[in-house]
Every structure is written in C-alpha cells, then in structure tokens.
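Chains as they are written, first to last, in this note's numbering: chain Z, 7 to 121; chain P, 11 to 121.
Where is the CB? At the ideal position from N, CA and C, for every residue including glycine.
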Amino acid sequence: DGGITQSPKYLFRKEGQNVTLSCEQNLNHDAMYWYRQDPGQGLRLIYYSQIVNDFQKGDIAEGYSVSREKKESFPLTVTSAQKNPTAFYLCASSPEGGVTNEKLFFGSGTQLSVL
Amino acid sequence: SQQGEEDPQALSIQEGENATMNCSYKTSINNLQWYRQNSGRGLVHLILIRSNEREKHSGRLRVTLDTSKKSSSLLITASRAADTASYFCATLQGGSEKLVFGKGMKLTVNP
C-alpha cells in the first residue's frame, strides 16, 4: 500500500559515528522533509527538498546532511558534528512544496539514541 | 523557530465530552493545519483552514480561524478514548515554503 516508510525504527549511534536514516515514499510526491522532535516539543525542520537533486536547509541543519538523487528517496545522515542527536526523527512528504503546501504525509519515525 | 503555540498544553476529559484546543501564532499565514500524533508514531493530518476562511468542519472536528487575533481553535465533539493523542497546529507563513509546528497539546480522554 502507498505511504512513507522510515527505517530503522530504532537506531543507536556510537560516539564519533555517522548514521543514516532511510525515508522512502511511493506516493509520487515532489516534496520531502526531515523533522526532529524532542520530548514534549514540537517539530523542527532539518532539511527539505522540493524537487530531485535539490534541497534546502531548514532551521536546524547543522550536523546533518541529506541527498535527493531519486524522487522517492530522501535519506538523512546524522554526522558526528551533531553533538546532541538523541531525538525522534520524522520524514514527511507532500504533493507539492512551496507556498502551496497544503498537507504533509508522515512516516512512522526513527528513534535515534546515543550509546 | 516556533510559530504556533497550543493552549492548554494538556487536557484531560471524560469520554463524550467536547475538547477545545487553541493555537496562537505571530505572523501572517497562508493556511493553518492541525495534526494528530499517537505516542511514538508519525503525525496525521486532520484539517486545513485557509487564511480567507473562518470555519471548517470535518466529521467531529470543527476548526475556527480568527486572523485579527492570530488564533485558531480545534473542537473535537463527543470525544472517544481513541482520540487520546497529542495535537499540533502548524502554520504556513505568508511567502514561506516552510510549515512551522507548535509544541503540541496532549489530550487524554478517559473511558
């Protein structure tokens, strides 16, 4: 069935290690987003992409990197430069991005913890 | 940066009662959206109201928007235990490409 798939559901990172969170969608959506959620907090935008091979920094991009080589995939790498990576990471997509953005479809999230 | 702020931060009611959640924001918006999140899960879109609309309904949901007060309210009527979740408002600011979320409000509906 159609939707957004995030994997893994739980991920552990060792000190100094880069880890990559997967996000795949089969909704044929143009725009994809990565959000970070800390306990009791709202969602903060890390990166977003409105079209293949193009992406923009969100509000908290430092220590993260992304790629958008395929329309259906938008992986997020949490680098060793991100000193406080423990959080719940949510990937989302929408049919169109930009100022016509009307609805986001979310994956089920990845909980990242530091060992 | 946070745009919407939900109020109250937590609400506990009995099944069958109505639940009202408020959201205030600071800048002009294109639209305001409400989302629901069950614990440990992704968000689910509930309803969208555009800046030129004042009220919308969807099933047991009623959303109002007052752009002069920069506020919105979400009313859930005849609540059910299954409505227990966190609710977030999100705003698409005028001229922006980014949807900005509030911190959320936890609703508990007791059976």
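Ranking P:55, P:41 and P:33 by CA distance to the CA of residue 105 of chain P puts P:41 first. Contact between residue 12 of chain Z and residue 113 of chain Z holds: CB atoms are separated by about 4 Å, below the 8 Å threshold.
Taking C-beta atoms under 8 Å as the contact rule, residue 70 of chain P and residue 57 of chain P fail to qualify, at a distance of about 11 Å. Rounded to whole angstroms, residue 18 of chain P and residue 31 of chain P show a C-alpha spacing of 7 Å. Here residue 98 of chain P is buried: its Cβ has 16 or more other Cβ atoms, across all protein chains shown, within 10 Å. Using a Cβ-Cβ cut-off of 8 Å, residue 67 of chain P does not count as an interface residue toward chain Z, since no Cβ of chain Z sits closer than that to its own. DSSP, reduced to helix, strand and coil, places residue 60 of chain Z within a strand of the structure shown. An exposed status is given to residue 22 of chain P, since fewer than 16 other beta-carbon atoms sit within 10 Å of its beta-carbon. Counting C-beta pairs with one atom in each stretch, the segment 85-100 of chain Z and the segment 75-92 of chain P have fewer than three that are closer than 8 Å, which means they do not touch. A residue is called buried when at least 16 other Cβ atoms come within 10 angstroms of its Cβ; residue 50 of chain P does not meet this threshold and is exposed. Within the segment 40-103 of chain P, the runs of beta strand (DSSP E) that reach at least 3 residues and sit entirely inside it are, in chain order, 53-60, 65-68, 71-76, 81-86 and 95-103. At least 8 Å separates the CB of residue 80 of chain Z from every CB of chain P. With respect to the 8 Å criterion, residue 118 of chain Z and residue 17 of chain Z are classified as neighbours on the basis of their beta carbons. For the segment 53-80 of chain P, the set of positions with a beta-carbon nearer than 8 Å to some beta-carbon of chain Z reads 53, 54, 55 and 58 in chain order. Around the beta-carbon of residue 52 of chain Z, 16 or more other beta-carbon atoms lie within 10 Å, marking it buried. Taking CB atoms only, residue 109 of chain P has a neighbour in chain Z less than 8 Å away. At a C-beta separation below 7 Å, residue 112 of chain P has these neighbours in chain Z: 48. With a threshold of 8 Å between beta carbons, residue 114 of chain Z makes contact with chain P. A straight-line Cα-Cα distance of about 15 Å links residue 115 of chain Z and residue 45 of chain P. For the C-beta of residue 28 of chain P, not a single chain Z residue is nearer than 8 Å; the gap to the nearest is close to 24 Å. Within the same chain, 117, 118 and 119 come within 7 Å of residue 94 of chain P by CB-CB distance, once the 5 residues on both sides are set aside. Relative to the Cα of residue 76 of chain P, the nearest Cα in the group P:36, P:25, P:121 and P:28 belongs to P:36.
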